[in-house]
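Numbering (my numbering), first residue to last: 6 to 146.
Ideal Cβ placement from N, Cα and C applies to all residues, glycine included.
Because the structure is a prediction, the values reported are computed rather than measured.
Right, one structure below, let's go through it.
Quick look at the structure:
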């Protein structure tokens, strides 16, 4: 049983790192021929890095460490924000790409939003587990 959990946790880490690499790969591509509506790239950044933060939370929660969930969310937000910053620095050295502080702001905003949703999801799941452990069902609560 413990081996299954380790394999599942390892799978989550691999998936998260693969997604982070995909972000790096896409930001290395020439986008001079791509035209997007105004500020649509900010929306893309928001969701792209929001998903990354969500995946980091998902992966880090696999660790069997005793730490409050909010701290894990804060760590995931910081990691995502720093990765967004490094992505912007990387784009400075990529031909036909540019650095935009608003992109980094969108990255961090997406991470904060995803972290909030992750915390709410964990809270609701824990609440449901506690009510089931106490013998309560949604009908007689």
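Can you name, in chain order, every residue of its own chain whose Cβ lies under 8 angstroms from the Cβ of residue i, other than the five neighbours on each side?
i, result
"residue 107", "47"
"residue 29", "92 and 95"
Excluding sequence positions up to five away, which residues of its chain have a Cβ less than 7 angstroms from the Cβ of residue i?
i, result
"residue 124", "74, 75 and 78"
"residue 86", "112, 113 and 116"
Can you look up residue i in the DSSP assignment and give me helix, strand or coil?
i, result
"residue 37", "coil"
"residue 43", "coil"
"residue 48", "helix"
Buried or exposed: where does residue i fall if 16 or more other Cβ atoms within 10 Å of its Cβ makes it buried?
i, result
"residue 21", "buried"
"residue 23", "exposed"
In angstroms, rounded to a whole number, what distance separates the CA positions of residue i and residue j?
i, j, result
"residue 33", "residue 12", "31 angstroms"
"residue 84", "residue 132", "28 angstroms"
"residue 39", "residue 54", "21 angstroms"
"residue 68", "residue 58", "16 angstroms"
Open item on the list: List, from N- to C-terminal side, the alpha helix (DSSP H) runs of 4 residues or more that fit wholly inside the stretch 59-143.
Closed with: 74-97 and 106-138
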